[in-house]
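*Asks:*
In this note's numbering, the protein residues as written are 32 to 453.
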């Protein structure tokens, strides 16, 4: 809203109004404002949640080997994150931008879905929360909406990168003069090669483009569902998910910026996506909101984000990557989320395999994988065979969290580096 106000005032020569046309100015302002909002709103939300007894009522003592009492800590803290994202974005963003609107819809949609899950856990005293099938339907729903909008909207276009060989044999990267709809996405480590979804569906002949868009929609649904579930699994320790997601948000903000800048996109030999600069404003607000939330969520946590926060965070990351055509970089960038999900899948598969043979067996001491590092050997089932039993002495929760942050920083750096190592 403020963007349009100052753009209007610029017509009358009001001093300073031109600043609002600069992405760097609005993005950094969004970062600052989201930090202020999360810090200011956080304290009030914590007091309100405690007053209404919207707190943790059950806790598995086996998961907290050091006896940290987390019962009574307010949950549904994702409300703080959502408010700290939406307020700066609504004030500073160009609300007619289709990409920004999709990010706002994703935030509200998954925030509501996660809120319903937390509501059932807290007020209905049902630790299982919202039934899994309803969660999946909600995640598929937003993935379907995003995919169809990117397919149908005339504002969703890109300028494909072209390699032109000069007479002196030097190759110059430029982009097509006109933007158009495209099904291409960046492939990591392969220079000058993009994945075209319509090539995968070439068996459909003249309908390969339409079939390619259908495949793209399914890919969008898969990415949104996978990343949001991965973030949800990662939310198991104080500051864990918020810290990892903030690091991922920084990387996505950088990728959105270079994708929206003609010269940088040419230099890095990636697709130029007009309009995606508004995602920089969004991701700055996203990072600021998460860092501000850590003020209260860092160990020992004064509030938990709950599914209200974790599902929203994962959805934002997935949709943002899809919009800038970098979804194939997510296995690297979101390596922590991928590892958490994979550990659960492997654990369940190995346990069921042993059950068929009449054996009790597990790969890890506990999953998701971060819980494996804080389980004491004395808590293990003596009748069960474990493949991985280290570490034998549990690590402090704060140490596990920081080490996961460090891994996320390395993965984020590797993701950015892939733009050059091709």
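Quick reminder that beta carbons are idealized off the backbone N, C-alpha and C, glycines included.
No experiment lies behind these values; they were computed from the predicted model shown.
1) Which two residues bound the contiguous beta strand (DSSP E) that contains residue 133?
2) Using C-beta distances below 6 Å, list every residue in its chain close to residue 320, excluding the 5 sequence neighbours before and after it, in chain order.
3) Out of 261, 282 and 312, state which residue places its alpha-carbon closest to the alpha-carbon of residue 442.
4) By the 10 Å Cβ neighbour count, where 16 or more other Cβ atoms means buried, how is residue 415 classified, buried or exposed?
5) In whole angstroms, what separates the C-alpha of residue 98 from that of residue 428?
6) According to DSSP, what are the bridge partners of residue 189?
7) Could you tell me the alpha carbon to alpha carbon distance between residue 373 and residue 361, rounded to whole angstroms?
8) Quick one: residues in its chain with C-beta nearer than 8 Å to the C-beta of residue 392, no 5 flanking neighbours on either side, listed in chain order?
9) Compute the Euclidean distance between the alpha carbons of residue 452 and residue 221, then round it to the nearest angstrom.
10) Using 10 angstroms around the beta-carbon of residue 105, count the other beta-carbons present and answer buried if the total reaches 16, otherwise exposed.
11) So for residue 420, helix, strand or coil by DSSP?
12) Classify residue 108 as helix, strand or coil using the three-state DSSP reduction.
13) For residue 227, which residues does DSSP report across the bridge?
14) Contact defined as beta carbons within less than 8 Å: I believe residue 174 pairs with residue 343. What is the distance between those atoms, to the nearest angstrom?
15) Within 10 Å of its beta-carbon, does residue 256 have 16 or more other beta-carbons around it, so buried, or fewer, so exposed?
16) Out of 136, 186, 266 and 276, which one is the CA nearest neighbour of residue 211?
17) Answer with buried or exposed for residue 356, where buried requires no fewer than 16 other C-beta atoms within 10 angstroms of its C-beta.
18) Given that a residue counts as buried once 16 or more other Cβ atoms are within 10 Å of its Cβ, and exposed if not, what is residue 51?
19) Quick check on residue 393: does DSSP put it in helix, strand or coil?
20) Identify which residue in 268, 315 and 265 has its Cα closest to the Cα of residue 288.
21) Should the segment 292 to 303 be regarded as contacting the segment 403 to 410, the criterion being three or more beta carbon pairs within less than 8 Å?
22) Given that a residue counts as buried once 16 or more other Cβ atoms are within 10 Å of its Cβ, and exposed if not, what is residue 130?
23) In the DSSP assignment, the alpha helix (DSSP H) including residue 323 goes from what residue to what residue?
24) Cα-Cα, which of 261, 32 and 128 is closest to residue 376?
25) Quick one: what does DSSP say residue 34 is sitting in, helix, strand or coil?
26) Can you have a look at residue 236 and say buried or exposed, based on whether 16 or more other CB atoms are within 10 angstroms of its CB?
27) For residue 97, name the three-state secondary structure that DSSP assigns.
28) Using 10 angstroms around the beta-carbon of residue 396, count the other beta-carbons present and answer buried if the total reaches 16, otherwise exposed.
29) Just verifying my parser: in three-state terms, what is the DSSP assignment at residue 398?
30) Answer with buried or exposed for residue 331, where buried requires no fewer than 16 other C-beta atoms within 10 angstroms of its C-beta.
31) Reducing DSSP to helix, strand and coil, say where residue 19 ends up.
32) Within this structure, are the beta carbons of residue 147 and residue 304 separated by less than 9 Å?
33) Just mark residue 230 as buried or exposed, buried being the case when its beta carbon has 16 or more other beta carbons within 10 Å.
34) Which residues in the same chain as residue 171 place their Cβ atom closer than 6 Å to its Cβ, once the five residues preceding and following it in sequence are excluded?
35) Taking residue 448 as the reference, which of 422, 363 and 437 has the closest Cα?
*Replies:* Looking at the coordinates:
1) For the purposes of this step, residue 133 is taken as residue 102 along the chain shown, with counting starting at 1. Not the beta strand (DSSP E): residue 133 falls in the alpha helix (DSSP H), residues 129 to 154.
2) Within the chain shown, residue 320 is the residue found at index 289, counting from 1. Counting only Cβ-Cβ distances below 6 Å, and skipping sequence neighbours, we find 65, 69, 112, 115 and 116.
3) As a first step, residue 442 must be located in the chain shown, where it is residue number 411. Comparing Cα positions, the closest option is 282.
4) On the chain shown, position 384 is the one that residue 415 refers to. Residue 415 comes out exposed.
5) Position 67 of the chain shown holds residue 98. Position 397 of the chain shown holds residue 428. At residue 98 the pLDDT is 44, less than 50, meaning the model places this residue with poor confidence; the figure from the coordinates comes in the next sentence. Taking the straight line from one Cα to the other gives about 11 Å.
6) Numbered from its first residue, the chain shown carries residue 189 at position 158. Answer by DSSP bridge pairing, in chain order: 211.
7) In the chain shown, the residue the question calls residue 373 occupies position 342. In the chain shown, the residue the question calls residue 361 occupies position 330. Approximately 14 Å between the Cα atoms of the pair.
8) The residue given as residue 392 occupies position 361 in the chain shown. Answer for residue 392: 381, 382, 384, 385, 415, 416, 417 and 418, listed in chain order.
9) Sequence index remark: in the chain shown, residue 452 carries index 421 (1-based). Sequence index remark: in the chain shown, residue 221 carries index 190 (1-based). Cα to Cα, the separation comes out at about 8 Å.
10) On the chain shown, residue 105 is found 74 positions in, with the first residue counted as 1. Classification for residue 105: buried.
11) For the purposes of this step, residue 420 is taken as residue 389 along the chain shown, with counting starting at 1. DSSP places residue 420 in coil when its eight states are reduced to three.
12) For this step, residue 108 is matched to residue 77 along the chain shown. The answer is coil: DSSP assigns residue 108 none of H, G, I, E or B.
13) Taking the first residue of the chain shown as 1, we reach residue 227 at position 196. Answer is 215, bridged to residue 227.
14) The sequence position of residue 174 within the chain shown is 143, counting from 1. The sequence position of residue 343 within the chain shown is 312, counting from 1. Not a contact, Cβ separation roughly 14 Å.
15) Mapped onto the chain shown, residue 256 falls at position 225. Result: buried.
16) Working through the chain shown from its first residue, we reach residue 211 at position 180. Checking every option, the nearest Cα to that of residue 211 belongs to 186.
17) On the chain shown, position 325 is the one that residue 356 refers to. Answer is buried; the Cβ neighbour count reaches 16.
18) Sequence index remark: in the chain shown, residue 51 carries index 20 (1-based). That one is buried.
19) In the chain shown, counting from the first residue as 1, residue 393 sits at position 362. It is a strand residue.
20) Residue mapping note: residue 288 aligns to position 257 of the chain shown, counting from 1. Looking at the Cα atoms, 315 is the closest of the given residues.
21) no
22) As a working note, residue 130 is residue 99 in the chain shown. It is buried - the Cβ of residue 130 has at least 16 other Cβ atoms within 10 Å.
23) Taking the chain shown and counting its residues from 1, the one referred to as residue 323 is at position 292. Run containing residue 323: 309 to 328, per the alpha helix (DSSP H) assignment.
24) Indexing the chain shown from 1 puts residue 376 at position 345. It is 261.
25) Stepping through the chain shown from its first residue, residue 34 is reached at position 3. Looking at residue 34 - three-state DSSP - the assignment turns out to be helix.
26) For this step, residue 236 is matched to residue 205 along the chain shown. Counting Cβ neighbours within 10 Å, residue 236 comes out exposed, since fewer than 16 surround it.
27) What you label residue 97 is simply residue 66 of the chain shown in a count that begins at 1. Below a pLDDT of 50, predicted positions are generally treated as unreliable, and residue 97, at 47, falls in that range; the measurement from the model is reported next regardless. Three-state result, residue 97: coil.
28) If you number the chain shown from 1, residue 396 lands on position 365. It is buried - the Cβ of residue 396 has at least 16 other Cβ atoms within 10 Å.
29) In the chain shown, the residue the question calls residue 398 occupies position 367. The answer is coil: DSSP assigns residue 398 none of H, G, I, E or B.
30) Translated into positions along the chain shown, residue 331 becomes position 300. Exposed, because fewer than 16 other Cβ atoms sit within 10 Å of the Cβ of residue 331.
31) Examination of residue 19 is not possible in this model, given that the chain is present from 32 through 453 alone.
32) As a position in the chain shown, residue 147 is number 116, starting the count at 1. As a position in the chain shown, residue 304 is number 273, starting the count at 1. It is not a contact, given that the beta carbons lie outside the stated cut-off.
33) Here the question's residue 230 lines up with position 199 in the chain shown. Flag for residue 230 reads exposed.
34) The count along the chain shown starts at 1 and reaches residue 171 at position 140. Closer than 6 Å at the Cβ level, and outside the excluded window around residue 171, lie 252.
35) To locate residue 448, count along the chain shown from 1; it is residue 417. Closest option to residue 448, Cα to Cα, is 363.
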